[in-house]
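Written below as structure tokens is the structure these notes are about.
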Amino acid sequence: MYVPLATKYRPKKFSDVVGQDIVVKILTKAILKDRVGHSILFTGTRGVGKTTLARILAKTLRCENRRPDEYEPCGKCESCLNFSKDSQIDVIEIDAASNTGVDDVREIIESCRYKPTTGKYKIFIIDEVHMLSKSAFNALLKTLEEPPEHVKFMMATTEIYKIPETILSRVLRFDLRNVDSNLIAQYLSTICNQENISVGAEALSLVARFANGSIRDSLSILDQILNVADNSSLSAEQVREILCVSDDNDLIELFNLIMSSNLKDAVTKYREIIFNETSVKTILTRLMDFVYFLTCAKSNLKIPDKTLSEESENKLRKLAQNTTLSSLSRIWQMLVRGADELKICDRQEIALEMLLIRIIYASHLPDLSEFLKKLKTSSFEVSGDHDIKSQTDEPVSLLEEAMKSFPRAKLK
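So for the sequence shown, this note's numbering puts the first residue at 173; every next one is plus one.
And the structure:
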């Protein structure tokens, strides 16, 4: 029976967890000092390890062979083996998305009264806890604040803002961050070696970038690629074809045409990329990556998460010489607003094309501070003999003269 990679390689101990070093350090120290909180909340985006960490922590707390100076489960005792078989009686995992009401919470509260059949703790893992109703949260408050000594609550959520403040004040909160794409690529390389699959570094970097910081998504994408591939060797070109992702060279060329206000060629290039089945979201996200990289380069800032090859970086650095921070900021704002527009538009390809045209027109507009300086340096006098019409026309004429001093976008 085939087991998906995301399930097969799900971490079984703390040392297997990728990209959450701070959270793992705090939890392991708490285990060694016997100071694990009675109510813990893990929050973060999908696929970063929330439920996995809750399960590992529960497995460790119930491990029968673990010594006081150890923080990893042994994996051999009856409790650990039951975890592997998903037959652990005293670890109750609840999906809050399908158990949202007060009655479901009352069952939890009632179950808390009874001690575990084996081991020291009875543990409740509530996944997607933000799906509980307001009444259910209220019913859980008292038990969450002062549960019996033998009970631990572990909760996970992707939408922390939906959790009431009364709940947040009663739990120990851990914020899990998106995993760095370089770490994901290294992790995938390890998986490929274990699976005897030959995949190039560029291809793995592409998968890692496409996963957007999610370990689970990266493994699911790798699964998808391996299902389509004809052999056990994968190139970056094959990955791009399977994922419908355009080559960075094409997107950088499009970005260059946009920044140089070459309207006709930019639209032609965009339609060519779309014709090759690259998704609208991918194009928009990549353009935002380019703007972010140029902004960091212009500001002499370190780039925290490298998603560009050295060749692509060199091309963008050359482009940075003809850009300003104000124009990059303006383009970023337009891209962010455009992302919101795409969510409500049925014709996303056309919507993105119209967005690119707007950016081309706006990319070389004068900076407001420079414009105001130019306006202040120009002087005019209003004679007392001028009528009201001429007085109102004078500032307008001055504004037009100031605008002429700025280079306008030359649309080719």
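Quick reminder that beta carbons are idealized off the backbone N, C-alpha and C, glycines included.
Small disclaimer: the values here were computed from a predicted structure and weren't measured.
- Counting only the Cα atoms, Leu-213 lies some 11 Å from Ser-341.
- One alpha carbon belongs to Glu-444, the other to Ser-451, and they sit about 12 Å apart.
- From the listed residues Ala-226, Val-190 and Ile-387, the smallest Cα separation to Glu-265 is found for Ala-226.
- Restricting attention to alpha helix (DSSP H) runs no shorter than 4 residues, the segment 233 to 280 encloses them at 250 to 256, ordered along the chain.
- Less than 8 Å separates the beta-carbon of Gly-216 from that of Leu-348.
- In the pairwise beta carbon analysis, the segment 185 to 205 is classified as touching the segment 220 to 237: at least three pairs are separated by under 8 Å.
- If the five residues before and after Gly-372 are omitted, its C-beta is found closer than 8 Å to the C-beta atoms of Leu-406, Ser-407 and Ala-408, all from its own chain and listed in chain order.
- Sequence-distant Cβ neighbours of Glu-317 in its own chain, meaning closer than 7 Å and more than five residues away, are Arg-342.
- Taking a C-beta distance under 8 Å as the contact criterion, Lys-248 and Ile-295 do not qualify as a contact pair.
- Contact between the segment 421 to 430 and the segment 253 to 271 is absent: fewer than three C-beta pairs spanning the two stretches fall below 8 Å.
- The DSSP-derived three-state label of Thr-217 is coil.
- Here Val-400 carries a helix assignment [DSSP, helix/strand/coil].
- Our two residues, Asn-399 and Ala-178, have alpha carbons roughly 14 Å apart in a direct line.
- In the DSSP annotation of this structure, the continuous segment of the alpha helix (DSSP H) that includes Val-463 starts and ends at 452 to 470.
- The Cβ-Cβ distance between Ser-251 and Gly-273 does not fall below 8 Å.
- For Ala-408, the three-state secondary structure derived from DSSP is helix.
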